[in-house]
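Right, one structure below, let's go through it.
Have a look at this one:
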């Protein structure tokens, strides 16, 4: 997995980069805009999506064994919350900044390969931790490794797929989070059951592990072959204009954001609000169902897992295809238009959950919620790829994920819990809180997407 500079060609005579945005003549298409997408390109996307799925399995596996870990390490709920959140999210978010810098200068294939190897190794080490400090440090290592994935993957997808294919491409890639969460429910539960029953006691090395260790170590080992799969990919050619200029530094990237704040501020705000809404909703939903329906958590996992693994990919692929069809017809703001409709319909489905006592109807509404909510992140990703110059894609996407993760993913569960405490009471308080949080955040996000769409329709981009 090489990490050699990806733009070591001689400089052209023009030292200043061309303008990234124009309101007059349309920009010249890049080479990647005109070439045909082949099987190797789709293979690359499948590998990146599989790696994204694995990242969510590895980061989520710890949540399945909170009880046994608390008992063995003798730690409190607060200490466990630091393992689940702070130890991972802070370095996961901040390390995306240097990772974005590297993605604009070096082999993205190599960066992702090494990143998978690092976080998978740290996941395995977490399984062999003998005290709280070792486990905390292992989680920070997972965050560092996974923080390098998104900037490099976004840059590779942007330079591989032309604009009228990016909606579907980002839609497929963004199956990763929900599929990862769904798989973690089933894979982790199956591994835990196997370990507790003693069916793996005869396995070399792994058979001697305690159940909580088995659940963490096995998914970590799966990352090694996926890291090697990166060797089978080709490094995508960077956009033509990017090849003739040096990759921009973060100072240039921040200057660019300031000059185009009317695009980036509402877009990033919308994505952050959605991240806050969905993270709070998903974090508390099993608890809400357990309190409302009096179901055990394993049964809830077996119910939610299949629903997520069917409705989310269906929404991403079908609505991603709608984005591509609209883009092919010349609608520049197609991803944003799909996001606007999706926020409205997902809000309505979620809102109706508060007014039904029928379990079957609630399941149908939840499927509608996940189906329409699923393409919203890929819409933001496709728009980022559309409005961002290729030479800045790695760094701007890293800044984007820093804001989204620290202000959205990290705060979502806490915001929902605070609303529950301040405004509701009774056993269903948290249920009303997550519905309120989701509908409020996504409604504002929809307005933000509309503001960005109005500008995108009037602009042409590099």
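Residue numbers (full-length UniProt numbering): 1 to 462. All C-beta atoms in this analysis are idealised placements derived from N, C-alpha and C, irrespective of residue type, glycine included.
Asked, Found
"Beta-carbon within less than 6 Å of residue 313's beta-carbon, same chain only, minus the 5 sequence neighbours each way: which residues are those?", "175"
"Would residue 133 be called buried (16 or more neighbouring beta carbons within 10 Å of its own) or exposed?", "exposed"
"Rounded to a whole number of angstroms, what is the C-alpha to C-alpha distance between residue 148 and residue 115?", "6 Å"
"To which residues of the same chain is residue 19 closer than 7 Å at the C-beta, ignoring the five residues directly before and after it?", "Because residue 19 carries a pLDDT of 36, less than 50, the predicted location of this residue cannot be relied on, and no value is offered for it."
"Helix, strand or coil for residue 95, going by three-state DSSP, please let me know.", "coil"
"Given residue 246, which residues of its chain have a CB within under 7 Å of its CB, disregarding the five upstream and five downstream residues?", "No answer about residue 246 holds up, because its pLDDT of 47 lies below 50 and its placement is not dependable."
"Report the option in 105, 75, 96 whose CA atom is closest to the CA atom of residue 390.", "105"
"With distances taken Cα to Cα, identify the nearest neighbour of residue 268 among 432, 438, 378.", "378"
"If residue 452 and residue 383 are in contact, beta carbons under 8 Å, what's the gap, nearest whole angstrom?", "7 Å"
"Determine the burial state of residue 404: buried for a count of at least 16 other Cβ atoms within 10 Å of its Cβ, exposed for fewer.", "buried"
"For residue 36, tell me which candidate among 409, 164, 272, 220 has the shortest Cα-Cα distance.", "164"
"Pairing CB atoms from the region 222-236 with CB atoms from the region 134-141, are three or more of them under 8 Å?", "no"
"For the ligand GTP, is there a heavy atom less than 8 Å away from the beta-carbon of residue 114?", "Judged by which ligands are present, the structure shown has none, so any question about the ligand GTP falls away."
"Among 202, 197, 107, whose alpha-carbon lies nearest the alpha-carbon of residue 155?", "107"
"At least one CB of chain B closer than 9 Å to the CB of residue 117: is that the case?", "In summary, chain B is missing from the structure at hand, where a single protein chain is found."
"Residue 31 to residue 162, Cα distance in whole Å?", "Because the pLDDT of residue 31 is 40, which lies under 50, any placement of that residue in the model is unreliable, and the number read from its coordinates should be weighed accordingly. The alpha-carbon atoms of residue 31 and residue 162 are separated by roughly 9 Å."
"Taking residue 167 and residue 334 to be in contact with their CB atoms under 8 Å, please state how far apart those CB atoms are, rounded to whole angstroms.", "7 Å"
"Whose C-alpha, out of 181, 344, 324, 220, is nearest the C-alpha of residue 310?", "181"
"With DSSP run on the structure shown, which of helix, strand or coil describes residue 88?", "helix"
"Tell me where the alpha helix (DSSP H) around residue 282 begins and ends.", "261-293"
"Tell whether a beta-carbon distance below 9 Å holds between residue 350 and residue 369.", "yes"
"So which of 53, 73, 150, 365 has the shortest CA-CA distance to residue 131?", "73"
"Would you decide whether residue 40 is buried or exposed? Buried here means 16 or more other CB atoms lie within 10 Å of its CB.", "exposed"
"Does the beta-carbon of residue 457 have 16 or more other beta-carbons within 10 angstroms, so that it is buried, or is it exposed?", "exposed"
"Under the assumption that residue 93 contacts residue 402 (Cβ atoms under 8 Å), give the Cβ distance between them as a whole number of angstroms.", "5 Å"
"Just tell me which of 95, 38, 208, 119 has its CA closest to the CA of residue 169.", "38"
"Tell me which same chain residues have a C-beta within less than 6 Å of the C-beta of residue 177, skipping the five on either side of it?", "56"
"Taking the alpha helix (DSSP H) that residue 359 belongs to, which residues open and close that run?", "359-373"
"Using three-state DSSP, classify residue 460 as helix, strand or coil.", "strand"
"CA-CA distance, residue 329 and residue 152?", "29 Å"
"May I have a chain-ordered list of the alpha helix (DSSP H) segments no shorter than 4 residues that lie completely inside the region 151-178?", "163-173"
"Can you tell which of 284, 123, 253 has the C-alpha that lies nearest to the C-alpha of residue 100?", "253"
"Are the Cβ atoms of residue 109 and residue 234 separated by less than 9 Å?", "yes"
"Going by the CB atoms, is the gap between residue 407 and residue 272 shorter than 9 Å?", "yes"
"Ignore the nearest five residues each way along the sequence and tell me which others in residue 281's own chain have a CB closer than 6 Å to its CB.", "434, 438"
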